[in-house]
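The sequence shown begins at 5 in my numbering and counts up by one.
Cβ coordinates follow ideal geometry from the N, Cα and C atoms, glycine included.
Just so we're clear, the structure is a prediction, and the values are computed from it rather than from any experiment.
Before any comments, here is the structure.
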Amino acid sequence: MTSDTADTMFGAHSTTGDVLAGVDLTGRTAIVTGGYSGLGLATTRALTRAGARVVVPARRPDAARLALADAPGVEVDQVDLADLASVRAFAERFLRGHSALDILVAGAGVMACPETRVGPGWEAQFAINHLGHHALVNLLWPALTASGSARVVSVSSGRDPSWRIRWDDVQFERGYDKWEAYAQSKLANILFARHLGLLGRPHRVRAFSVNPGYVQTPLQRHLAVDEMVAAGWIDADGTPAPGLFKTVEQGAATQVWAATSPHLDAYGGDYCVDCQVTDGIPGDSGTAARLWALSAELTGLDLIDRV
5 MTSDTADTMF
15 GAHSTTGDVL
25 AGVDLTGRTA
35 IVTGGYSGLG
45 LATTRALTRA
55 GARVVVPARR
65 PDAARLALAD
75 APGVEVDQVD
85 LADLASVRAF
95 AERFLRGHSA
105 LDILVAGAGV
115 MACPETRVGP
125 GWEAQFAINH
135 LGHHALVNLL
145 WPALTASGSA
155 RVVSVSSGRD
165 PSWRIRWDDV
175 QFERGYDKWE
185 AYAQSKLANI
195 LFARHLGLLG
205 RPHRVRAFSV
215 NPGYVQTPLQ
225 RHLAVDEMVA
235 AGWIDADGTP
245 APGLFKTVEQ
255 GAATQVWAAT
265 SPHLDAYGGD
275 YCVDCQVTDG
285 IPGDSGTAAR
295 LWALSAELTG
305 LDLIDRV
């Protein structure tokens with residue numbers, strides 16, 4: 005069910021072009037993590053077409069520059085979200101060169117990968133999809149507050165009631181399951197935006213999480229064909245299930261809408277699907293605060309509460 009008080013002119017089949025029609029982002033600065041592949045690439049191109057100056061921090065800057073060669077006004081920089089020192093170095097460079105940050109789309113991520121340890125032994129999906137972005141937002145907080153009307157968009161997935169944070173073993177040190185770890189990281193994206201929406205309200209920083217829907221992108225690179233066949237996503241010949249997948253432009257529409265729509269000025273912390281704000285998620289506020297505290301402890305970064 006969706007809210008009837010937000011903008012309802014867009015839906016599941018809307019594209020980035022639809023939601024940005026008539027929107028002028030000239031003079032605005034955006035960061036799009038993962039902005040050179042899949043949904044992130046579509047988001048970067050859409051924002052630049054609307055006039056924004058977009059910075060794409062990339063683990064593979066050369067690949068990013070190649071993918072974005074046809075997108076004017078894009079600045080590529082280096083970052084590895086699994087490495088807090090790399091995140092800090094990127095944030096410091098950005099703050100030296102930019103006085104304000106209007107839009108941050110946290111879209112970089114990994115899905116259902118083999119067990120991988122990064123940094124101080126963190127599980128890779130939780131580290132890259134969530135902790136790296138927690139650190140990035142905290143480190144860029146001065147630029148976000150300087151905007152006066154900043155938006156942070158956390159790209160999650162379709163929420164399942166069975167998702168949970170594995171509080172007693174958040175790094176999956178006692179038995180790794182790639183899908184449980186992915187679900188935990190995507191729930192973390194939702195909870196992150198929920199608490200950031202609360203913390204950011206006095207500073208005019210609004211946060212949203214989004215479900216882009218089913219879209220075929222490089223995010224599925226760790227999945228075998230037979231696994232996707234068994235899930236019903238494709239048939240044995242690789243043909244997508246009819247009506248299941250959105251186009252990349254449709255999938256990116258919700259995050260672009262959440263980043264730019266003036267109809268969301270009265271919102272913050274909400275979970276968005278098909279360019280709509282969903283009804284509230286009961287009971288999540290306490291869980292979101294608990295996750296924020298854990299993330300601050302793990303990363304050593306909780307700058308927002310000190311502002």
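Cβ pair residue i, residue j closer than 7 angstroms
| i | j | result |
| --- | --- | --- |
| residue 215 | residue 158 | no |
| residue 48 | residue 60 | yes |
| residue 193 | residue 213 | yes |
| residue 321 | residue 145 | Residue 321 is absent from the structure shown; the chain starts at 5 and stops at 311. |
| residue 62 | residue 253 | no |
| residue 20 | residue 260 | yes |
| residue 279 | residue 18 | yes |
| residue 88 | residue 139 | yes |
| residue 201 | residue 273 | yes |
| residue 38 | residue 111 | yes |
Collapsed DSSP secondary structure at residue i in the structure displayed
| i | result |
| --- | --- |
| residue 97 | helix |
| residue 280 | strand |
| residue 37 | strand |
| residue 108 | strand |
| residue 121 | strand |
| residue 178 | coil |
| residue 167 | coil |
| residue 186 | helix |
| residue 3 | Any question about residue 3 goes unanswered here, given that the chain covers just 5 to 311. |
| residue 252 | helix |
| residue 265 | coil |
Alpha-carbon to alpha-carbon, residue j and residue i
| i | j | result |
| --- | --- | --- |
| residue 246 | residue 163 | 22 angstroms |
| residue 80 | residue 33 | 13 angstroms |
| residue 129 | residue 295 | 15 angstroms |
| residue 257 | residue 91 | 27 angstroms |
| residue 6 | residue 281 | With a pLDDT of 40 at residue 6, under the threshold of 50, the predicted position of this residue should be treated as unreliable, though the coordinate-derived value follows. Each residue's alpha carbon lies about 6 angstroms from the other. |
| residue 13 | residue 70 | 35 angstroms |
| residue 40 | residue 174 | 29 angstroms |
| residue 299 | residue 290 | 14 angstroms |
| residue 73 | residue 57 | 15 angstroms |
| residue 217 | residue 96 | 34 angstroms |
Own chain, CB closer than 6 angstroms to residue i, minus 5 neighbours either side, in chain order
| i | result |
| --- | --- |
| residue 176 | 127 and 185 |
| residue 153 | 208 |
8 angstroms CB neighbourhood of residue i in its chain, flanking five on each side removed
| i | result |
| --- | --- |
| residue 150 | 103, 104 and 105 |
| residue 191 | 160, 163, 167, 168 and 169 |
Test: residue i CB closer than 7 angstroms to a CB of chain C
| i | result |
| --- | --- |
| residue 196 | The structure shown contains no chain C, having only a single protein chain. |
Cβ-based neighbour list, residue i, same chain, cut-off 7 angstroms, excluding 5 preceding and 5 following
| i | result |
| --- | --- |
| residue 120 | 128 |
| residue 131 | 86, 122 and 123 |
Problem set entry | the stretch 262-273 contacting the stretch 13-27, beta-carbon criterion three pairs below 8 angstroms | yes
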